[in-house]
Structure formats: structure tokens, C-alpha cells
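To start, the structure under review is shown below, and the notes come after it.
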Amino acid sequence: MMGRAFAAVFRRELRLAWRRRGQLLQPLVFYALVMLLFPLGAGADLALLGQAAPSLLWVAALLAVLLAQGTLFSADLEEGGIELWVTSGVSLGWLALAKLIAHAMIVSLPLILVGPVLAGWLGLRGEALWVLAASMALGMPVLCWIGALGAALTLGLPRGGILLALIVLPLYIPVLMFGAGAVHAAVEGRPADGALLLLAGLLFLGVSLAPLATAAALRVSQE
């Protein structure tokens with residue numbers, strides 16, 4: 717039964733994402749615009765672009781993910797989906813895991829695919845592009861899950877978007893540090909393995925704890 721419930725929630729999220737694909741393109745468009753416009757504002761200083769590119773790529777990705785979090789659970793709340801989850805008899809953490817995995821795929825996969833392309837626009841080459849792709853593949857799901865937890869905690873609250881940013885931005889800092897640090901290391905010719913391993917640890921921690929914490933927050937929202 718749990719497997720069928722997991723698959724049902726996962727498929728539902730993918731169908732809803734397809735129906736709302738215009739809305740879901742907003743983070744990708746935001747990310748691409750920031751990457752394309754920054755060199756125009758910074759001028760032709762290639763050295764400056766090379767130094768700033770790793771941090772800029774990750775900060776823009778962080779903000780793009782945050783842009784997609786505000787309405788994550790609002791439709792479920794309005795349609796009674798969360799109440800149905802709570803009373804279904806299936807583990808709420810299990811259902812939350814299905815939604816979080818689908819959400820991470822929908823939001824982060826386009827950014828992961830387009831990130832190295834835009835990094836080339838900023839002057840990154842060679843190994844730095846592979847390290848960027850690996851760091852985003854490990855770190856972007858964690859950003860999505862932290863944002864989902866914040867969205868669950870602020871669900872139904874007035875001015876929830878401001879509270880969401882205040883809650884999740886401090887939690888984003890380790891992912892930002894290790895992700896940008898890995899790319900900086902590759903650009904400077906240093907090993908990036910340590911930062912990537914730390915991101916992998918955060919990914920494991922996120923997939924272990926984020927569904928439980930999100931489920932607890934959703935349960936509180938129904939009380």
C-alpha cells in the first residue's frame with residue numbers, strides 16, 4: 717500500500733508540473749537572465765568574471781530555487797490534499813518523501829542541465845564545468861528540500877514568503893559554501909573532492925531528515 721501511495725503522489729506531482737510548466741519555468745528563466753546579464757554589467761574583465769563565476773552561479777541557483785518554494789504546498793492546502801494525507805493511514809513522511817523527490821527533480825534538473833552551459837558563458841572551462849555539474853547534482857536537491865521544509869513551516873501564514881526566506885537562508889549557507897568552494901577549487905587547480913564529499917553528506921542527511929521534518933510541519937498545519 718505504501719508503495720502505491722508513494723507512486724500516486726509522485727505521478728500526481730509530475731502531472732501538475734506539466735500543467736503548470738509556464739510557472740515552473742520562472743526559476744530557470746531567472747537563473748539564465750542573471751547569468752547572461754552579469755557579464756554585460758561587469759564589462760570585459762575576464763579575470764573578474766572567472767573569479768566571480770563560481771559564487772555567482774551558486775547564489776543565482778539558490779535564489780532561483782527559493783523562487784519556486786512559495787506555493788509548494790498552498791494548492792494541497794486549498795484542495796484538502798494535506799488533510800487527506802494526514803488521515804489516509806499511510807506514513808505522512810513517506811508521502812512527503814514522494815513529493816520532495818518529485819519537487820527536487822522538477823526544479824533542480826533544468827538548472828543542473830543549463831548550469832554548465834551558462835558557466836561557459838562566464839569563462840569556466842574544462843574540469844571546472846564537470847565539478848560544477850557534480851556539485852549542483854549533489855547540492856540542488858538539498859536546497860529544494862530545505863525550501864520545502866520552510867514552505868511547510870510557513871504554510872497558511874500571512875506574509876509567508878518573507879518568513880520562508882528568513883527561515884531557509886541560514887540553512888542554505890553550508891550548501892552554498894561547499895558548492896561554490898568546489899568550483900573555486902577546480903578553477904584554481906586544487907582538488908574539489910572534499911567539498912563534493914561534504915555535499916554528498918548533506919544530500920544523505922537531507923533525504924533522511926527532510927521528509928520527517930516536512931511531515932511534522934504539515935501535521936502541525938492541520939491542527
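Counted the way my numbering counts, the sequence shown spans residues 717 to 939.
The C-beta atom is built at its ideal place from N, Cα and C for all residues, glycine as well.
Please state the DSSP three-state secondary structure of residue i.
{"i": "GLY895", "result": "helix"}
{"i": "GLN785", "result": "coil"}
{"i": "THR930", "result": "helix"}
{"i": "ALA908", "result": "coil"}
{"i": "ALA806", "result": "Note that residue 806 corresponds to Val in the displayed sequence, not to Ala. Coil at VAL806, not helix or strand."}
{"i": "ARG736", "result": "coil"}
{"i": "LEU879", "result": "helix"}
{"i": "LEU873", "result": "coil"}
Here's the rule I'm using: 16 or more other beta-carbon atoms within 10 Å means buried, otherwise exposed. How should residue i be labelled?
{"i": "TRP734", "result": "exposed"}
{"i": "LEU921", "result": "exposed"}
{"i": "GLN785", "result": "buried"}
{"i": "VAL847", "result": "buried"}
{"i": "ALA723", "result": "exposed"}
{"i": "GLY805", "result": "exposed"}
Could you check the C-alpha separation between residue i and residue j for me, to the nearest Å?
{"i": "ALA908", "j": "ILE862", "result": "24 Å"}
{"i": "LEU800", "j": "LEU811", "result": "11 Å"}
{"i": "ALA835", "j": "ALA769", "result": "7 Å"}
{"i": "VAL903", "j": "LEU845", "result": "9 Å"}
{"i": "THR803", "j": "MET821", "result": "27 Å"}
{"i": "LEU854", "j": "LEU740", "result": "21 Å"}
{"i": "THR870", "j": "LEU879", "result": "7 Å"}
{"i": "LEU915", "j": "MET893", "result": "10 Å"}
{"i": "GLY895", "j": "PHE789", "result": "27 Å"}
{"i": "ALA777", "j": "TYR747", "result": "6 Å"}
{"i": "ARG841", "j": "VAL923", "result": "31 Å"}
{"i": "LEU912", "j": "GLU843", "result": "14 Å"}
{"i": "LEU873", "j": "ARG906", "result": "46 Å"}
{"i": "SER807", "j": "LEU925", "result": "14 Å"}
{"i": "MET751", "j": "GLY809", "result": "36 Å"}
{"i": "GLY719", "j": "PRO927", "result": "16 Å"}
{"i": "ARG727", "j": "HIS819", "result": "11 Å"}
Quick one: is the Cβ of residue i within less than 7 Å of any heavy atom of the ligand PLP?
{"i": "ILE862", "result": "Among the components modelled here there is no ligand, and therefore nothing to report on the ligand PLP."}
Margin query: In chain order, what are the residue ranges of uninterrupted beta strand (DSSP E) at least 3 long that sit wholly in the region 807 to 854?
Written below: none
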